[in-house]
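Sequence lines, in order, name chains E and V.
Be aware that the first sequence starts at 1, since it is given in the working numbering, and climbs by one per residue.
Be aware that the second sequence starts at 353, since it is given in the working numbering, and climbs by one per residue.
Just so you know, even glycine gets a beta-carbon here, dropped at the ideal spot from N, CA and C.
Written out below as structure tokens is the structure these notes cover.
Number of protein chains: 2
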Amino acid sequence: MPTIQDVARRAEVSPSTVSNVLNDRADRMRPETLARVQAAIRALRFRPSRLARQLKTGQTPLLGLLVPSIANPMYGAIAREVEAFAQDSHGHRVLIGSTERDPKREAQFIDDLLAHGVRHVIVISALADERHLEAAAADGMVVVSYDRRAAPGRPTGVHHVTPDNVAAAALATRHLIARGHRRLAFATMRGLTLSRGDKIEGFRAAAAEAGLRSGAHVLEAGPASDYGDSAIGQAARELAQRIAKSAQRPTGIVAVNDLLALELIAGLRGAGLSVPEDLSVVGIDGLYLGALGSPALTTVRLPVREMARAMVERAMGSPGDEAIDASGLVFGDMALVERGSVAPPPTLRRAR
Amino acid sequence: MPTIQDVARRAEVSPSTVSNVLNDRADRMRPETLARVQAAIRALRFRPSRLARQLKTGQTPLLGLLVPSIANPMYGAIAREVEAFAQDSHGHRVLIGSTERDPKREAQFIDDLLAHGVRHVIVISALADERHLEAAAADGMVVVSYDRRAAPGRPTGVHHVTPDNVAAAALATRHLIARGHRRLAFATMRGLTLSRGDKIEGFRAAAAEAGLRSGAHVLEAGPASDYGDSAIGQAARELAQRIAKSAQRPTGIVAVNDLLALELIAGLRGAGLSVPEDLSVVGIDGLYLGALGSPALTTVRLPVREMARAMVERAMGSPGDEAIDASGLVFGDMALVERGSVAPPPTLRRAR
DNA sequence: TTGAAAGCGCTAACAT
DNA sequence: ATGTTAGCGCTTTCAA
């Protein structure tokens, strides 16, 4: 690979002049000089080494993206938007890391980013504790954390971008209620994301609003922690069994996310129950894939693109940028996507 | 961030000694010196800058991964395995790029990798032409191309790792035939991956083997080129319509991949046909998500992990490594996963 | 066993 | 308008 020196020699100028050309400072040189340099660059197929540039400027045009698993379609969808926006609007490439929900891998990733000189990172963490993120922020990283609220009061240097999970779950719940459901359940995995708490809150609030306090239960399954995506299937089957056998079976179920909703529908079918005839299921996420199943999944679509854009914007800010520092951004703009997994409860339909 | 100089000063040694510690050359120093240096490293929370190291060594512990779209679950699955293996076995992080099937984005990505000093890349390309990859290989990159066969004869410096697509499609086709199907179709998108041709070949060969030459058709839909993932849905609907309306409707369908299979089942349902009662569908890929739908998708599972591992291994070789140079690796180890989308054709069932 | 010094490819004062 | 120079943080001969 040719260097800036090679170009300078060939164009019979100094390296600084070449550097000026590279950095859009062509105004301070004669057009013919510019032409000579450009010709040399093309002739040698010279490509400035970002490495060297970075060492000098301390800036790497790289954005770290930490996800629990890139094989999970929701994170894939987010990654796609993040990548497109980082690239198109900021010229940054994305360094991705799947943690498989392992705290060690997560810490290791942040460490590596620091060592690589990456100063911008978007984190979708499975960890309750954010101190490792605060530490990274203290080390000069701009950290954006997804799907959790900013801790009130105490500024931490970590930005927060999240959907309004309370609203999302409430929207899903109200939809079931509007269709006539009175016995509701919220299905979730144990120890999943933190946002689970907010979703439960939204579920309960919407139920209470309709006077269904006693008919709204939260169902949890799965390992206490540390699970892969296959654990979702197992948990869903367990939940489905429990639901099928329960005395006062719920007729409307809100699932913590689309993947669980899809698995739940499959599990329920395995238990002899069909959706939406015997019971209705609503997901949260708005995955494209939810439309494919039978029934197609009714769900709450989160504003993925908007959130991704906001995360990149914040991540690109300077460290310690007080204007937006430690800001919490909550996206409430979500829509219920009606597909096929919700119908009136059996009791109502028989009454007709 | 502290530098190696800071550490040297604090430990009262020279930078070279610190460097020796960092590079596992502790043997050539007194234990107490080692201890002092290590103490200083810890005290300052020193992390050597890979940037600086790279500039010196010319090596970046980064692996480029180019995919059509990271939001596509098949590529997500591959990315997961590639990332895990690159990290755990080679200490390389993954720089990911979605091209959205745009040749410009693809070229741009390769360019950026070069500029970043990345010398290893795995490419899942949508482009028929591999000359841009050969050019990159000529520039010193180790390029591994997925899902296409090595061009015979002419060595190009580009490695090839691919499933045996002929075998995969043949396996799917034979499964339908074994279940009694006699009118078959292969459903695909126009201008999708190159491997499509191999799959069609496998489909035709298996049909011919069973004497079904006249009952085996290839059905194509979709835009000629340049489409996003949403185009798959549209194409599937079009295919489903065509299938539903055809005079001699096929009873067994092999889809070019799981996503199309899933969409096709949904589209067929929309056209009033149910799977597997009216017709059977087999996918190719083995996506975890295929198990969720109703019916669960019967499919040919590709050895994703093994292929990912092979790609990383090859990508990590030195440029021009003749031992494996321009090698083509074809994975024939695949299995039919029977789920619920295949049944005997209606004619046979009625006969019982 | 340790240190001094040169240099990887580039940028940015500061000359000229 | 262009060139000289001094690093960025590290590795690596070569010396001591």
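- The residue among Gln-38/E, Ala-40/E, Gly-117/E with its C-alpha nearest the C-alpha of Gln-406/V is Gly-117/E.
- Looking at the DSSP output, Leu-63/E bridges to Val-94/E.
- Fewer than three Cβ pairs drawn from the segment 161-180 of chain E and the segment 124-142 of chain E lie within less than 8 Å of each other, which leaves the two stretches out of contact.
- Per the coordinates, the alpha-carbon of Arg-601/V lies some 13 Å from the alpha-carbon of Val-633/V.
- Inclusion of Val-473/V and Phe-683/V in the CB contact set at 9 Å is not warranted, their separation being larger than that value.
- Counting only the Cα atoms, Ser-69/E lies some 42 Å from Leu-44/E.
- Between the C-alpha atoms of Ser-318/E and Pro-155/E there is a straight-line separation of about 16 Å.
- Here Pro-628/V has Pro-647, Gly-692, Ser-693, Val-694, Ala-695 as same chain residues with Cβ atoms under 7 Å from its own Cβ, once five neighbours each way along the sequence are excluded.
- Gly-252/E counts as buried, since at least 16 other C-beta atoms from the protein chains shown sit within 10 angstroms of its C-beta.
- In this structure, Asn-609/V lies away from Gly-574/V, with their beta-carbon atoms at least 9 Å apart.
- For Gly-604/V, the enclosing beta strand (DSSP E) covers residues 604-607.
- When only Cα atoms are considered, Leu-620/V and Leu-631/V end up about 9 Å apart.
- In the DSSP annotation of this structure, the continuous segment of the beta strand (DSSP E) that includes Val-495/V starts and ends at 494-498.
- Counting the other CB atoms within 10 Å of its CB gives Glu-83/E a total of 16 or more, which places it among the buried residues.
- Buried is the label assigned to Glu-482/V, since at least 16 other Cβ atoms lie within 10 Å of its Cβ.
- The criterion of a C-beta distance shorter than 9 Å is not satisfied by Asp-285/E and Leu-264/E.
- Distance from the CA of Phe-46/E to the CA of Gln-38/E, rounded to the nearest whole angstrom, comes to 10 Å.
- Taken residue by residue, none of the segment 679-693 of chain V has a beta-carbon sitting less than 9 Å from a beta-carbon on chain E.
- Between the alpha carbons of Pro-655/V and Val-300/E lies a distance of about 34 Å.
- Rounded to whole angstroms, the Cβ separation of Val-123/E and Leu-113/E is 10 Å, and the two are not in contact under 8 Å.
- For Arg-196/E, the enclosing alpha helix (DSSP H) starts and ends at 195-209.
- In the DSSP assignment, Thr-17/E falls within the alpha helix (DSSP H) that extends over 15-22.
- Just so you know, the alpha carbons of Asp-24/E and Pro-103/E end up roughly 43 Å apart.
- For the C-beta of Glu-263/E, the chain V residues within less than 7 Å are, from N- to C-terminus, Leu-644.
- The beta carbons of Ile-430/V and Ala-660/V sit about 6 Å from each other, so the pair counts as a contact at 8 Å.
- DSSP, reduced to helix, strand and coil, places Ala-296/E outside both helices and strands of the structure shown, so it counts as coil.
- The segment 231-244 of chain E makes contact with the segment 181-195 of chain E: 3 or more CB pairs, one atom from each, lie closer than 8 Å.
- Ala-503/V and Ser-19/E have their alpha carbons spaced roughly 41 Å apart.
- Chain V places a beta carbon closer than 9 Å to that of Ser-49/E, counting this residue as a contact.
- Nearest in C-alpha terms to Leu-329/E, of all of Ala-26/E, Asp-27/E, Pro-163/E, Leu-63/E, is Pro-163/E.
- Cβ-Cβ distances below 7 Å link Thr-33/E to Val-13, Thr-17 in the same chain, with the five nearest sequence neighbours on each side left out; the list follows chain order.
- Under a 10 Å Cβ-count criterion, Thr-193/E is classified as buried, with 16 or more other Cβ atoms of the shown protein chains found around its own Cβ.
- Counting of Cβ neighbours within 10 angstroms places Thr-60/E among the buried residues, the total reaching 16 or more.
- Under the Cβ distance rule, Arg-432/V counts among the residues neighbouring chain E, one pair being separated by less than 9 Å.
- If you ignore the 5 residues before and after Arg-388/V, its C-beta comes within less than 8 Å of the C-beta of Ala-363, Glu-364, Val-365, all in its own chain and listed in chain order.
- Boundaries for Glu-482/V: no beta strand (DSSP E) harbours it, and the DSSP string shows neither H nor E there.
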